[in-house]
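Numbering (full-length UniProt numbering), first residue to last: 1 to 115. Glycine is no exception: its CB is placed at the ideal position from the N, C-alpha and C atoms.
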Amino acid sequence: MTGEPAWPLHPPPKEIETLRQYVQSLARLYGVTFESFCYHALKIAHADEEARSFTQPTEDVLERLAVGLGIPIDELRGFEARRRRNVARLYAELEAWIATPEGRQRYEWAFPPKS
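Rendered as structure tokens:
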């Protein structure tokens with residue numbers, strides 16, 4: 001059988017999702033608590049809230065995620081930078097849309113100026 005490989009069993013991360021939010025969505029997908037998922041799948045101790053913040057994940061945690069998800073470890077290392085680029089791009093798109101007459105009208109309808 002040939003062709004492109006299918007995405008692994010896990011859904012891809014959303015455009016502006018943080019690594020923590022992505023891991024939380026994986027836990028929900030498996031029907032377990034976030035803490036249990038972190039403990040059993042990533043070997044993060046229940047008491048280690050700092051590690052579960054995923055602001056500075058260790059190489060061990062990134063390696064487990066990479067192997068389990070089929071996502072290259074370098075992509076996981078760049079997760080936050082990717083998220084910031086996507087937020088900036090979406091913000092620029094919103095500003096460009098608001099600059100159009102239709103966009104301005106809809107924006108002012110949704111967010112009327114305070115008087």
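So the candidates are the options; which of them puts its Cα closest to the Cα of residue i?
| i | options | result |
| --- | --- | --- |
| valine 61 | Arg89, Lys43, Arg104 | Lys43 |
Cβ of residue i versus every heavy atom of the ligand NAP: is any distance shorter than 7 Å?
| i | result |
| --- | --- |
| threonine 55 | The ligand NAP is absent from the structure shown, which contains no ligand whatsoever. |
Go to residue i, then tell me how far its alpha helix (DSSP H) extends in each direction, as first and last residue.
| i | result |
| --- | --- |
| isoleucine 73 | 73-77 |
| serine 115 | Unbroken run through serine 115: none, as it is neither H nor E. |
| glutamate 63 | 59-69 |
Using the Cα positions of residue i and residue j, report the straight-line distance between them to the nearest angstrom.
| i | j | result |
| --- | --- | --- |
| serine 53 | tyrosine 39 | 13 Å |
| isoleucine 71 | serine 115 | 50 Å |
| arginine 89 | aspartate 48 | 34 Å |
| alanine 66 | asparagine 86 | 21 Å |
Can you give the beta carbon distance from residue i to residue j, rounded, assuming they're within the 8 Å contact cut?
| i | j | result |
| --- | --- | --- |
| histidine 46 | glutamate 35 | 6 Å |
| isoleucine 16 | arginine 83 | 6 Å |
| phenylalanine 37 | alanine 51 | The pair is not a contact, with the Cβ atoms about 13 Å apart (cut-off 8 Å). |
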